[in-house]
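Q:
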């Protein structure tokens, strides 16, 4: 199970804040901390407006998506500093490229996997450029139809990325995602239909949905986090705060353990010692003389369970006692003949 703590642009362009986000991700126990790599000039036109959720979450009077993104860029020196810092915190550094030059730059940095964001799933030259890096690929599928996901995967395959190196993430690109729009059942179905490993990139509030995704077989979880949800910026409001991220990682690790096993129903080693304590045996509920023929009225089922099982009651009824028994005696096979 891989957990990606998505810092994204929640550093607000500040290197100190970005390092603090790495601290939070490392302390929570995530496998990766992920940022975003782009040049605003190559990502968005200067006339493009913000998404509605960005306008709502930022709350300023500037509708320019370009101006917003320009403030959130990380330069190459900052990338390298953050990668070094992540290494000191024993967490892997990752970033999502949003343009072709950024793909090449991240490859030079030596990242070990490429994450394709939902918005690039229909960007043919971008998909080809990712494929040419010859590294594992994580594909987010927000806003996409099944056909669009299949077509993107085929581009990746045609240019050298085998299915075995892909993970497809079910995702909804609304910040925050309404619970009723998650459609979590689509996640395992998508993996089954495409014959590929699957996971979930979550934009809901809270930690419940990614935990449920793990129980449904997700092998990778991605979740936005922030230092403080009240900070200005496009993604803070739909992100986890530090303790929530820690709680999510802890819960996922527990579910991961609980999902181990071969699926065969049998008692575990830890519970075998409790079987005789919790189960019952056949006892005598009244004083009975030697030679008495046992009836159901003579019997009571009580703990402990280290005697004759109540499931064998019908094999006991009609048997003759070999000796006198008093109320409260556990019945044994030696008592009857």
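Residue numbers (my numbering): 45 to 381.
For each residue, glycine too, the CB sits at the ideal point set by N, CA and C.
Is the separation between the beta-carbon of residue 296 and that of residue 47 shorter than 9 Å?
A: As a working note, residue 296 is residue 252 in the chain shown. As a working note, residue 47 is residue 3 in the chain shown. Cβ atoms of residue 296 and residue 47: closer than 9 Å.
Q: Pull up the DSSP beta-bridge partners for residue 139, would you.
A: Walking along the chain shown from the start, residue 139 turns up at place 95. BP columns for residue 139 point to 79.
Q: Quick one: using the 10 Å Cβ neighbour count with 16 as the cut-off for buried, is residue 54 buried or exposed?
A: Translated into the one-based positions of the chain shown, residue 54 becomes position 10. Residue 54 comes out buried.
Q: State the CB to CB distance for the pair residue 268 and residue 52, rounded to an integer number of angstroms; the pair is presumed to be in contact (CB under 8 Å).
A: The count along the chain shown starts at 1 and reaches residue 268 at position 224. The count along the chain shown starts at 1 and reaches residue 52 at position 8. Right, their Cβ atoms sit about 6 Å apart.
Q: Find out if the Cβ-Cβ distance for the pair residue 333, residue 350 is shorter than 9 Å.
A: Residue 333 sits at position 289 when you count from the first residue of the chain shown. Residue 350 sits at position 306 when you count from the first residue of the chain shown. No, these two residues do not count as a Cβ contact at 9 Å.
Q: Can you name the residues that DSSP bridges to residue 162?
A: Taking the first residue of the chain shown as position 1, residue 162 is located at position 118. DSSP output for residue 162 lists no bridge partner at all.
Q: Which residues does DSSP pair with residue 364 in a beta bridge?
A: As a working mapping, residue 364 is identified with position 320 in the chain shown. BP columns for residue 364 point to 337.
Q: Tell me, which residues are paired with residue 292 by DSSP?
A: The residue labelled residue 292 in the question sits at position 248 within the chain shown. According to DSSP, residue 292 bridges with nothing at all.
Q: Compute the Euclidean distance between the alpha carbons of residue 164 and residue 69, then round it to the nearest angstrom.
A: Taking the chain shown and counting its residues from 1, the one referred to as residue 164 is at position 120. Taking the chain shown and counting its residues from 1, the one referred to as residue 69 is at position 25. Approximately 26 Å between the Cα atoms of the pair.
Q: Pull up the distance between the alpha-carbon of residue 113 and that of residue 180, whole angstroms please.
A: Counted from its first residue, the chain shown places residue 113 at position 69. Counted from its first residue, the chain shown places residue 180 at position 136. Distance from the CA atom of residue 113 to the CA atom of residue 180, rounded to whole angstroms, is 27 Å.
Q: Could you check the C-alpha separation between residue 242 and residue 168 for me, to the nearest Å?
A: For this step, residue 242 is matched to residue 198 along the chain shown. For this step, residue 168 is matched to residue 124 along the chain shown. Approximately 22 Å between the Cα atoms of the pair.
Q: Which value, in whole angstroms, describes the spacing of the CA atoms of residue 288 and residue 137?
A: Sequence index remark: in the chain shown, residue 288 carries index 244 (1-based). Sequence index remark: in the chain shown, residue 137 carries index 93 (1-based). Using only the alpha carbons, I get a separation of about 21 Å.
Q: Determine, using beta carbons only, whether residue 254 and residue 210 come nearer to each other than 9 Å.
A: Numbered from 1 along the chain shown, position 210 holds the residue referred to as residue 254. Numbered from 1 along the chain shown, position 166 holds the residue referred to as residue 210. In this structure, residue 210 does not lie closer than 9 Å to residue 254 by Cβ.
Q: Specify, as a first and last residue, the run of the beta strand (DSSP E) that residue 67 falls within.
A: As a working note, residue 67 is residue 23 in the chain shown. Note, residue 67: premise wrong, no beta strand (DSSP E); alpha helix (DSSP H) at 59-72.
Q: Does the beta-carbon distance from residue 56 to residue 284 come in below 9 Å?
A: Position 12 of the chain shown holds residue 56. Position 240 of the chain shown holds residue 284. No, the Cβ-Cβ distance between residue 56 and residue 284 is not below 9 Å.
Q: Quick check on DSSP: helix, strand or coil for residue 242?
A: Locating residue 242 in the chain shown gives position 198, where the first residue counts as 1. Note: residue 242 maps to strand in three-state DSSP.
Q: Is it true that the stretch 138-146 meets the stretch 73-87, where meeting means three or more beta-carbon pairs spaced less than 8 Å apart?
A: yes
Q: Specify the secondary structure class of residue 116 as computed by DSSP and reduced to three states.
A: Locating residue 116 in the chain shown gives position 72, counting from the first residue. Here residue 116 sits in coil by DSSP.
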